[in-house]
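Number 351 marks the last residue of the sequence shown (numbering that gives the first Met the number 0); no jumps.
Take a look at the structure set out below.
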Amino acid sequence: MKKKRDKATFAPMYKSIIRPLLYSMPPERAHYFVTGWLERFYQLGLLQSPFTPSFKVEDARLERKIFGLTFPNPVGLAAGFDKDAKWIDSLTELGFGFLEIGTVTPIGQPGNPKPRMYRLVEDEALINRMGFNNDGVDAAVERIKKAKRSIPIGGNIGKNKVTPNDQAVRDYEICFEKLYDHVDYFSVNVSSPNTPGLRELQGKDELKRIFDALFTIRSKQSKEKAVLLKIAPDLEKAQLDDIVDLVKENGIDGLIATNTTLDRSGLHSPKEIVNQAGGLSGVPVKNKSTEVIRHIHQASDGSIPIIGVGGIHSADDALEKLNAGASLVQLYTGFIYEGPWLIKNINKRLLS
Ligand SMILES: Cc1cc2nc3c(=O)[nH]c(=O)nc-3n(C[C@H](O)[C@H](O)[C@H](O)COP(=O)(O)O)c2cc1C
């Protein structure tokens, strides 16, 4: 077979041609523009062809075995990018070691009015208040069934906006039951800032109720799948200690740290963008998220598996998260700013 060229040589083209083109569009439109072309390239066989350069780094040394799963490499796509499980096969060709679909909710919902996503170019960041726009869990299941699936897929689950918090457990149960046979692990999302009241479910009692309900369902399944909790970067140390206790006491399989932040300190972008409501992601959340990972890792003596996410824009950033105690990492904003070469750069760095 013809040896694939190193795609890193194409990376400057992304920053000089493709990214400026994308910046000329509103961020949400750019998202669908990119994923539309990604899917077209995939359907034409261009991403998989031995004659086109590959994003993948295939090496047994990158493999991670965790949650009873084998990850071909530790670099995953964070939740929110492929909310509806529409692009599993094409995203796999970009070299990710795993993908997390969702957040899905029991019933499809439109999310918040547009515009609801903002670029903070000077800060290499995004602010979003999407509000769990998604087609609902049934649609996601149908799409996952059709996907080829060569890497682990996580299912990130949440509650509908119209569901009051005292009935939220049922929403998590519905998504969990419907997705159970179709994903490899679960992420319970109570940390998005864009669904009113959702973060109140991060309290110890509320979380215990949700996880008890999910574990009851799990106990009736033939195969045990890992259920992780995705947490916010805005928790105080005492709240993180509570979470460490809760994870240990209840057998929660791991943590995803972190979601977006509400903190707006130290930003350089125009005020009218910085002041937009929503969660901030990208470079400004990097250190906060790494400190959360470090704290949990130390407080639990390394006994809690952590997926590290927040502001990974370079191989160094990924190493920082892994050195702080993460077993795997995920990207969202860095993937948009740096392009798919970021995945390859991180994996190559891990081998060097
Ligand atoms: C536009 C956008 C939508 C997101 N949607 C979700 C979501 O539906 N569920 C979720 O758990 N996290 C969601 N996130 C958060 C990311 O998964 C990630 O935790 C966060 O952005 C920090 O990582 P990053 O700095 O690499 O983007 C979203 C992030 C962005 C930028």
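In this text, a Cβ means the ideal position worked out from N, Cα and C, and glycines have one as well.
Just so it is clear, the structure is predicted and the values come from calculations on it, not from any experiment.
I need the straight-line Cα distance from residue i to residue j, nearest angstrom please.
i: arginine 4; j: arginine 39; result: Because arginine 4 sits at a pLDDT of 44, beneath the cut-off of 50, its placement in the model cannot be relied upon, and the point is left open.
i: isoleucine 311; j: lysine 113; result: 27 Å
i: threonine 69; j: aspartate 58; result: 13 Å
i: glycine 157; j: lysine 177; result: 13 Å
i: asparagine 188; j: glutamine 166; result: 15 Å
i: lysine 2; j: glutamate 92; result: For lysine 2, the predicted model reports a pLDDT of 40, less than 50, meaning its position is unreliable; a value from the coordinates is still stated below. The alpha-carbon atoms of lysine 2 and glutamate 92 are separated by roughly 17 Å.
i: phenylalanine 97; j: valine 308; result: 13 Å
i: lysine 64; j: leucine 20; result: 39 Å
i: threonine 260; j: leucine 46; result: 34 Å
i: alanine 237; j: valine 328; result: 24 Å
i: isoleucine 255; j: serine 23; result: 33 Å
i: leucine 90; j: leucine 37; result: 8 Å
i: lysine 82; j: serine 186; result: 13 Å
i: glycine 324; j: alanine 317; result: 11 Å
i: valine 273; j: leucine 119; result: 8 Å
i: serine 149; j: glutamate 271; result: 43 Å
i: valine 291; j: serine 302; result: 15 Å
i: glutamate 223; j: methionine 12; result: 45 Å
i: phenylalanine 214; j: proline 26; result: 38 Å
i: glycine 370; j: valine 33; result: Nothing can be reported for residue 370: it is not among the residues displayed for the chain, which extend from 0 to 351.
i: aspartate 300; j: glycine 44; result: 46 Å
i: aspartate 204; j: aspartate 252; result: 18 Å
i: glycine 196; j: alanine 298; result: 28 Å
i: leucine 321; j: methionine 129; result: 29 Å
i: glutamine 201; j: arginine 208; result: 11 Å
i: glutamate 99; j: glutamate 141; result: 16 Å
i: proline 109; j: isoleucine 295; result: 35 Å
i: phenylalanine 175; j: valine 168; result: 10 Å
i: isoleucine 173; j: arginine 115; result: 27 Å
i: aspartate 211; j: arginine 18; result: 45 Å
i: glycine 153; j: valine 74; result: 13 Å
i: asparagine 111; j: threonine 194; result: 9 Å
i: leucine 206; j: leucine 76; result: 25 Å
i: serine 326; j: arginine 293; result: 12 Å
Tell me the DSSP secondary structure of residue i in three-state form.
i: valine 168; result: helix
i: threonine 34; result: helix
i: valine 355; result: As shown, the chain starts at 0 and ends at 351. That puts residue 355 outside it, with no answer to give.
i: phenylalanine 214; result: helix
i: leucine 178; result: helix
i: glycine 333; result: helix
i: serine 264; result: coil
i: alanine 138; result: helix
i: alanine 356; result: The chain is shown only over 0 to 351; residue 356 falls outside these bounds and no answer can be derived.
i: valine 161; result: coil
i: arginine 115; result: coil
i: alanine 124; result: strand
i: phenylalanine 95; result: coil
i: asparagine 344; result: helix
i: threonine 289; result: helix
i: glutamine 108; result: strand
i: isoleucine 306; result: strand
i: phenylalanine 70; result: strand
i: serine 221; result: coil
i: asparagine 155; result: strand
i: valine 273; result: helix
i: arginine 148; result: coil
i: isoleucine 65; result: strand
i: proline 11; result: helix
Which same chain residues, not among the five before or five after residue i, have their C-beta less than 7 Å away from its C-beta?
i: alanine 10; result: Gly338 and Trp340
i: aspartate 170; result: Thr104, Pro105, Lys158, Asn159 and Thr162
i: arginine 198; result: Val189, Ser190, Pro192 and Ala231
i: aspartate 88; result: Tyr41, Ala146 and Lys147
Near residue i, which residues of its chain fall below 6 Å by C-beta distance, leaving aside the five closest residues on each side in sequence?
i: isoleucine 335; result: none
i: isoleucine 143; result: Ala84 and His181
i: glycine 333; result: Ile311, His312 and Leu341
i: isoleucine 126; result: Tyr117, Gln275, Gly277 and Leu279
i: asparagine 72; result: Leu61, Gly96 and Asn346
i: alanine 29; result: Leu21
i: valine 246; result: Ile303
Excluding the 5 residues flanking residue i on each side, which residues of the same chain have their C-beta closer than 8 Å to its C-beta?
i: methionine 0; result: Confidence at methionine 0 is low in this model, with a pLDDT of 37, below 50, so the placement of that residue should be treated as unreliable; the coordinate-derived value is given next. Here the set comprises Pro49.
i: serine 15; result: none
i: aspartate 122; result: Leu266, His267, Ser268, Gly281, Val282 and Pro283
i: leucine 350; result: Val56, Asp58, Arg60 and Leu61
i: tyrosine 31; result: none
Ligand 2 heavy atoms versus the CB of residue i: any closer than 7 Å?
i: methionine 24; result: Because ligand 2 does not appear in the structure shown, any question about it cannot be addressed here, the ligands present being ligand 1.
Counting pairs of Cβ atoms below 8 Å between the segment 99–108 and the segment 131–141, do you hit three or more? yes
Tell me, please, whether the segment 204–222 touches the segment 257–272 by the rule of three or more beta-carbon pairs shorter than 8 Å. no
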